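Chains as they are written, first to last, in the numbering used here: chain A, 962 to 1311; chain B, 962 to 1311.
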């Protein structure tokens, strides 16, 4: 385990998320635990993804694996944004090469009303226990990041039954059946808000709300069909006192509205130059925004891109270095370590 | 066949693309011919997609089918942006539910160098003949739209071997093997530029360059790896004298660079409010930008969205009404007709 001196201060990531000056720019990676690591794949040979999530000691182990390789400033708990749909009453499986499958999907108001209220402390105890284990293992400088899916992104999986390109069924419900949409979004909102609060109680130092697919929406649709629910989730998360990161991808035209919805930190993907995005999110801190595929570039090109992002951040406090979307399966772990070290070295402050 | 009086003027779409005042805002739809039409599916029962493309009379028939249902201002020739990869020497098939498959893909400089130069008049004669047939059938007010894929989008299919979410192999080649990338992009550029010119000679009144997946790139990557090639294609298309539409999706941060690359008309998807996008593309005309999934909304909601786009265009000449990406398979043809009629009615100018 990476151990550094405990100095009583909050983790670097927490301080940066609050816009405070830190000794270096903190760095972590979405999907930093998982498929690109051989030691994760070894565990997956005998355990399914859902089994790992259901067993706190395994989830904690997988969460900690990347921290043994590189000095990231945070460990993000190994879980899946769709875990809460199981206690809500849906059937979730991960099909090989297909990603998540929810079958049958939710397609109408009756389906939305049939979703159960969730006692998160009980139903999602394995993730909360994993957070406790990880928090107990890590030094005080390293943050534990808890997370949940935002209502729109979870709803889209529930309605489509899996990943989607055009979100036909999701938008059809939004546009055609406001009662079903509202019922569904409220149930998800309440589950997710409770889950985030429970994660902070369990020891998460920061929580991230993933609205991964919200970039499928126009600003008007976001404002009308998504913002009220996301806002409720983000307010509940903020009320815990832990900093809240609000993440989406493909959100170049949604940044102001996402900022309005809430969060201490707004995530940017690589399509928005970091300085331009940061200028649009008011006083919030910013997270991002390396293209995860840049980790496939030769080292000199990767270094150039890391340096460019740091230059755009201009050493201003409140920047959390991350990728703009999750790491992909064939990423070289050595490239990940290279980025961590380069960010730390180049951002070291006197 | 829809027949209106021949008045000697260029088609409405052509005039709007040139920024001229027209009697109404012209409207057409990407993928307006195809899977959502029962009469197309009837033909597909006995003919594959590639067979239809290879037989000019069938391609022309499919192109004209939507025009028998509604008074669109243009017929877009039925073809596929990947047709040119076949005479370039690659193996293309359309797998059920999977979309296009290119196997083996192009992964290195040797693969790029092995691609053949294409005599477009010979190798792509079926599409050119289909354009001649369609042009002969349509009245002078209705434009025939020819098209080709932009170099980046075609390259991504060649390298990935099909559709992709993360474009790992494409970006890996871009970042790691500049010689392979340049060779590949030049070969595609030359084929596509020649094909567009041949389509105009065959009777296309307007051509559209589809850079459907370019929204995967940051502005810096677009400028460095894509713009020079797209620019060459667009210049060649502009040299024909026909107006050129430059289309991409997810391009909220690329609009200025796409405008710099070229085109008389810049396509916008629904993520960018039309007035805001139009203000960013200089003196160009604008095409868009209804969310194709809005056609699944109830009629009053669909009407509201059509009217909103027209209001944002403000009746200023130079707006081509379209969807922001192609129509999807289960779209109701009656909804498409509803949009055509509403655009014509609401935009009629004295």
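Built from N, CA and C at the ideal position, the CB exists for glycine as well. Keep in mind that this is a model prediction, so the values were computed, not measured.
{"Query": "Residues in the region 1256-1268 of chain A having any Cβ partner in chain B nearer than 9 Å", "Result": "1257, 1258, 1259, 1262, 1263, 1266"}
{"Query": "Closest by C-alpha distance to residue 1048 of chain B, when choosing among B/1079, B/1060, B/1057, B/1019", "Result": "B/1079"}
{"Query": "C-alpha gap between residue 1280 of chain A and residue 1167 of chain A, whole angstroms", "Result": "14 Å"}
{"Query": "Per DSSP, the bridge partner or partners of residue 1054 of chain A", "Result": "A/1062"}
{"Query": "CB contact flag (residue 1132 of chain B, residue 1252 of chain A, <9 Å)", "Result": "yes"}
{"Query": "Pairwise C-alpha distance: residue 1115 of chain B and residue 1229 of chain A", "Result": "27 Å"}
{"Query": "CB contact check: residue 1283 of chain B to chain A, cutoff 9 Å", "Result": "no"}
{"Query": "Inter-residue Cα distance where the pair is residue 1129 of chain A and residue 1207 of chain A", "Result": "25 Å"}
{"Query": "Sufficient close CB pairs (3 or more, under 8 Å) joining the region 1273-1288 of chain A to the region 1011-1021 of chain A", "Result": "no"}
{"Query": "DSSP three-state assignment for residue 1033 of chain B, whether helix, strand or coil", "Result": "coil"}
{"Query": "DSSP-derived helix/strand/coil call for residue 1171 of chain A", "Result": "strand"}
{"Query": "Chain-ordered residues of the region 1206-1237 of chain B with a beta carbon less than 7 Å from chain A", "Result": "1211, 1213, 1214, 1231, 1232, 1233, 1234"}
{"Query": "DSSP-derived helix/strand/coil call for residue 1106 of chain A", "Result": "strand"}
{"Query": "Chain A contact for residue 980 of chain B (CB, 9 Å cutoff)", "Result": "no"}
{"Query": "Reduced DSSP category for residue 1072 of chain A - H, G, I as helix; E, B as strand; rest coil", "Result": "helix"}
{"Query": "Every unbroken beta strand (DSSP E) within the region 1112-1142 of chain B, with a cutoff of 3 residues, ordered by chain", "Result": "none"}
{"Query": "Closest by C-alpha distance to residue 1071 of chain A, when choosing among A/1042, A/1159, A/1120, A/1126", "Result": "A/1120"}
{"Query": "At least 3 beta-carbon pairs within less than 8 Å: the region 1167-1181 of chain B vs the region 1142-1149 of chain B", "Result": "no"}
{"Query": "Neighbour list for residue 1128 of chain B in chain A, Cβ cutoff strictly below 9 Å", "Result": "1254"}
{"Query": "Buried or exposed by the 16-neighbour rule on C-beta atoms within 10 Å, applied to residue 1034 of chain A", "Result": "buried"}
{"Query": "Beta-bridge partners of residue 1160 of chain A, as assigned by DSSP", "Result": "DSSP, once it has assigned bridges, lists no residue as partnering residue 1160 of chain A."}
{"Query": "Three-way DSSP call (helix, strand, coil) for residue 1008 of chain B in this model", "Result": "coil"}
{"Query": "Chain B residues whose Cβ lies nearer than 8 Å to that of residue 1179 of chain A", "Result": "1231, 1232, 1234, 1252"}
{"Query": "Per-residue contacts from residue 1137 of chain B into chain A (C-beta, under 9 Å)", "Result": "1257, 1258, 1259, 1262"}
{"Query": "Any 3 or more C-beta pairs closer than 8 Å across the region 1185-1193 of chain A and the region 1211-1228 of chain A", "Result": "yes"}
{"Query": "CB of residue 1160 of chain A within 9 Å of CB of residue 1088 of chain A, strictly", "Result": "yes"}
{"Query": "Sequence-distant residues of its chain with Cβ nearer than 6 Å to residue 1256 of chain A (five each side left out)", "Result": "1292, 1296"}
{"Query": "is_contact[residue 995 of chain A, chain B] using C-beta, thresh 9 Å", "Result": "no"}
{"Query": "Span of the alpha helix (DSSP H), counted from its first residue to its last, around residue 1238 of chain B", "Result": "1235-1240"}
{"Query": "Alpha carbon of residue 977 of chain B to alpha carbon of residue 1023 of chain B, nearest angstrom", "Result": "25 Å"}
{"Query": "Enclosing alpha helix (DSSP H) for residue 1097 of chain B [first to last residue]", "Result": "1086-1098"}
{"Query": "Proximal residues to residue 1288 of chain B (C-beta, below 8 Å), its chain only, five neighbours per side dropped", "Result": "990, 991, 992, 993, 995, 997, 1253, 1256, 1297"}
{"Query": "For residue 985 of chain A and residue 1066 of chain A, the rounded distance between their alpha carbons", "Result": "45 Å"}
{"Query": "Cβ-Cβ separation, residue 1112 of chain A to residue 1063 of chain A (assumed contact under 8 Å), whole Å", "Result": "Between residue 1112 of chain A and residue 1063 of chain A the Cβ distance is about 15 Å, and since that is not below 8 Å, they are no contact."}
{"Query": "Nearest-angstrom Cα separation, counted from residue 1151 of chain A out to residue 1194 of chain A", "Result": "8 Å"}
{"Query": "Nearest-angstrom beta carbon gap, residue 1225 of chain B and residue 1204 of chain B [assumed within contact, 8 Å]", "Result": "4 Å"}
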